[in-house]
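K.L.:
Below is the structure I would like to discuss, written out as structure tokens.
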Amino acid sequence: MNKINKSILIFSVFAFGFFISNLLRSITATLTPALSTEFNLSAANLGLLAGGYFLGFSLMQIPTGMLLDRFGPKKVIGYLLIIALIGTISFAFAKSFAGLLISRIFIGVGVAACLMGPLTGYRVWFEEKYQQRANSWMLMVANFGFVASTLPVQILLPIIGWRSIFLIIASLILISIILISILIPSWETKRDEDQNNNLQNLSHIWKNKFFISLVPLAFFNYGGVQAIQTLWAGPWMLNVTGYDAIQSATGLFWINVTMLFSFLIWGYFLPKLSSKGIDS
396 MNKINKSILI FSVFAFGFFI SNLLRSITAT LTPALSTEFN LSAANLGLLA
446 GGYFLGFSLM QIPTGMLLDR FGPKKVIGYL LIIALIGTIS FAFAKSFAGL
496 LISRIFIGVG VAACLMGPLT GYRVWFEEKY QQRANSWMLM VANFGFVAST
546 LPVQILLPII GWRSIFLIIA SLILISIILI SILIPSWETK RDEDQNNNLQ
596 NLSHIWKNKF FISLVPLAFF NYGGVQAIQT LWAGPWMLNV TGYDAIQSAT
646 GLFWINVTML FSFLIWGYFL PKLSSKGIDS
């Protein structure tokens, strides 16, 4: 297999896992009516349910970074996805709000490396000129997951129910684990002293002025977008505009399709801008 085909294969395997991650992230927006009816959930419950994913996801980011440096994407993503698999199956069989919330936290923990793992691997396995495009197109893949969580899920919902939908997603996670274990290159495990250097570097990051300047942008802008995209846009269309479930899912569908094409265009033009010395 030549280098380009190998790169495409690596990207495709990672993209499949990241697709599942974002499908799980945003699916609560579409399932809001069904979950609210079955479990008598309040707006606060729905917020916690969506936030449970992000709680598990965010708590794992620093440990995941260290694990990726030491063990590489293949092992870290593969093992963490087992936790996501357990969380997804648990969600499918949950009988209470507490069961749903704990399952969502497990899912968030399990998919915590589905973006940073690939980005770590691309730095090693891809030529520099392709890295920006691969990174941008990973974000495009994320929106395929968001799109899949809207109309496709809403169409399946009355046919097979939300529990069966989660069991199908669990089977996709299992396939992803198998593909990663077979097709992703191995990584040379680093020594303990290298991990000590990582802890020192972490303190430098928190003192970095550029990093600190980006924190409000990430917290308010990205956090706000995720809150709207993965939860509140759906209930707003249902309760404020008077949309039915299909119309709400259609609205979510077009929000995510628009973002998908934005990342596609972004991924195409970023390398071209960089090659001309334009800071992107």
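In case it helps, this note's numbering puts the sequence shown at residues 396 to 675.
Even for Gly, the Cβ is constructed at its ideal location relative to N, Cα and C.
None of these values were measured; they are calculated from a predicted model.
(1) How would you label Arg-558, buried or exposed, when you count the other beta carbons within 10 angstroms and need 16 or more for buried?
(2) Check Gly-467 in the structure and name its three-state DSSP category.
(3) Classify Ala-636 as helix, strand or coil using the three-state DSSP reduction.
(4) Measure the C-alpha to C-alpha separation of Thr-515 and Met-455 and round it to an integer number of angstroms.
(5) Please state the DSSP three-state secondary structure of Asn-679.
(6) Compute the Euclidean distance between the alpha carbons of Leu-552 and Ile-560, then round it to the nearest angstrom.
(7) Output the distance between the C-alpha atoms of Ala-640 and Gln-549, rounded to the nearest integer angstrom.
(8) Closest by CA to Ile-415, which one among Phe-541, Asn-596, Ser-576?
(9) In its own chain, which residues sit with a C-beta less than 8 Å from the C-beta of Leu-441, not counting the 5 before and 5 after it?
(10) List in chain order: all unbroken alpha helix (DSSP H) runs of 4+ residues lying wholly within the stretch 424-483.
(11) Measuring CB to CB, does Ser-608 end up less than 8 Å from Trp-520?
(12) Can you give the Cα-Cα distance for Ser-566 and Lys-602, rounded to whole angstroms?
(13) Hey, would you say Ser-531 sits closer than 8 Å to Phe-658, going by beta carbons?
(14) Whose C-alpha, out of Tyr-663, Ile-555, Ile-579, is nearest the C-alpha of Ala-410?
(15) Taking the alpha carbon of Leu-534 as the point to measure from, which residue in Phe-656, Gly-473, Lys-667 has its own alpha carbon closest?
(16) So for Ser-566, helix, strand or coil by DSSP?
(17) Please report the distance separating the alpha-carbon of Thr-459 from that of Val-506.
(18) When you compare only the Cα positions, how much space is there between Ile-577 and Tyr-517?
(19) Can you tell me where the alpha helix (DSSP H) with Val-542 in it begins and where it stops?
(20) Does the beta-carbon of Phe-606 have 16 or more other beta-carbons within 10 angstroms, so that it is buried, or is it exposed?
(21) Whole-angstrom Cβ separation of Ile-502 and Gly-482, contact assumed at under 8 Å?
(22) Would you identify the three-state DSSP class for Val-506, choosing helix, strand or coil?
(23) In three-state DSSP terms, what is Asn-397?
(24) Do you know offhand how far Phe-406's Cα is from Lys-470's?
(25) Short check: CB of Trp-649 to CB of Gly-467, under 8 Å?
(26) Leaving out five residues before and five after Ser-571 in sequence, what residues of the same chain have Cβ atoms less than 7 Å from its Cβ?
(27) Ser-437: buried (16+ other C-beta within 10 angstroms of its C-beta) or exposed?
(28) Work out the CA separation of Ala-613 and Ala-644 for me, nearest whole Å.
P.N.:
Considering the structure as presented:
(1) By 1-based counting over the sequence shown, the position of residue 558 is 163. Answer is exposed; the Cβ neighbour count stays below 16.
(2) Residue numbering aside, residue 467 sits at position 72 when the sequence shown is read from its first letter. Coil, per DSSP.
(3) Along the sequence shown, read from residue 1 onward, the residue named residue 636 stands at position 241. The question names Ala, but residue 636 is Thr in the sequence shown. Coil, per DSSP.
(4) In the sequence shown, counting from the first residue as 1, residue 515 sits at position 120. In the sequence shown, counting from the first residue as 1, residue 455 sits at position 60. For Thr-515 and Met-455, the distance between alpha carbons rounds to 16 Å.
(5) Nothing can be reported for residue 679, as the shown portion of the chain is limited to 396 through 675.
(6) In the sequence shown, the residue the question calls residue 552 occupies position 157. In the sequence shown, the residue the question calls residue 560 occupies position 165. Cα-Cα distance, rounded: 8 Å.
(7) In the sequence shown, counting from the first residue as 1, residue 640 sits at position 245. In the sequence shown, counting from the first residue as 1, residue 549 sits at position 154. Roughly 8 Å separates the two Cα atoms.
(8) For the purposes of this step, residue 415 is taken as the residue at position 20 of the sequence shown. Of Phe-541, Asn-596, Ser-576, the residue nearest in Cα terms is Phe-541.
(9) On the sequence shown, position 46 is the one that residue 441 refers to. Cβ neighbours of Leu-441 beyond the five flanking positions: Thr-423, Thr-427, Leu-430, Ser-431, Leu-626, Pro-630.
(10) 438-454, 456-466
(11) In the sequence shown, counting from the first residue as 1, residue 608 sits at position 213. In the sequence shown, counting from the first residue as 1, residue 520 sits at position 125. No. Outside cutoff.
(12) Here the question's residue 566 lines up with position 171 in the sequence shown. Here the question's residue 602 lines up with position 207 in the sequence shown. Approximately 43 Å between the Cα atoms of the pair.
(13) Looking up residue 531 in the sequence shown gives position 136. Looking up residue 658 in the sequence shown gives position 263. Taking 8 Å as the Cβ cut-off, Ser-531 and Phe-658 qualify as a contacting pair.
(14) For the purposes of this step, residue 410 is identified with residue 15 of the sequence shown, where counting begins at 1. For Ala-410, the nearest C-alpha among the options comes from Ile-579.
(15) Walking along the sequence shown from the start, residue 534 turns up at place 139. The shortest C-alpha separation from Leu-534 is found at Phe-656.
(16) Working through the sequence shown from its first residue, we reach residue 566 at position 171. DSSP places Ser-566 in helix when its eight states are reduced to three.
(17) In the sequence shown, the residue the question calls residue 459 occupies position 64. In the sequence shown, the residue the question calls residue 506 occupies position 111. If you take the alpha carbons of Thr-459 and Val-506, they lie about 10 Å apart.
(18) Taking the sequence shown and counting its residues from 1, the one referred to as residue 577 is at position 182. Taking the sequence shown and counting its residues from 1, the one referred to as residue 517 is at position 122. Straight-line Cα distance between these residues: approximately 17 Å.
(19) Counting from 1 along the sequence shown, the entry for residue 542 is found at position 147. First-last of the alpha helix (DSSP H) with Val-542: 523-543.
(20) Taking the sequence shown and counting its residues from 1, one reaches residue 606 at position 211. It is exposed - the Cβ of Phe-606 has fewer than 16 other Cβ atoms within 10 Å.
(21) To locate residue 502, count along the sequence shown from 1; it is residue 107. To locate residue 482, count along the sequence shown from 1; it is residue 87. 4 Å between Cβ atoms; contact.
(22) Mapped onto the sequence shown, residue 506 falls at position 111. Three-state DSSP puts Val-506 in coil, outside helix and strand.
(23) For this step, residue 397 is matched to residue 2 along the sequence shown. The answer is coil: DSSP assigns Asn-397 none of H, G, I, E or B.
(24) Residue numbering aside, residue 406 sits at position 11 when the sequence shown is read from its first letter. Residue numbering aside, residue 470 sits at position 75 when the sequence shown is read from its first letter. For Phe-406 and Lys-470, the distance between alpha carbons rounds to 16 Å.
(25) By 1-based counting over the sequence shown, the position of residue 649 is 254. By 1-based counting over the sequence shown, the position of residue 467 is 72. Cβ distance not < 8 Å, so Trp-649 and Gly-467 don't count as in contact.
(26) Translated into the one-based positions of the sequence shown, residue 571 becomes position 176. Cβ neighbours of Ser-571 beyond the five flanking positions: Phe-411, Gly-412, Ile-415, Leu-476.
(27) Here the question's residue 437 lines up with position 42 in the sequence shown. Ser-437 should be labelled exposed.
(28) Walking along the sequence shown from the start, residue 644 turns up at place 249. Walking along the sequence shown from the start, residue 613 turns up at place 218. So the alpha carbons of these two residues sit roughly 27 Å apart.
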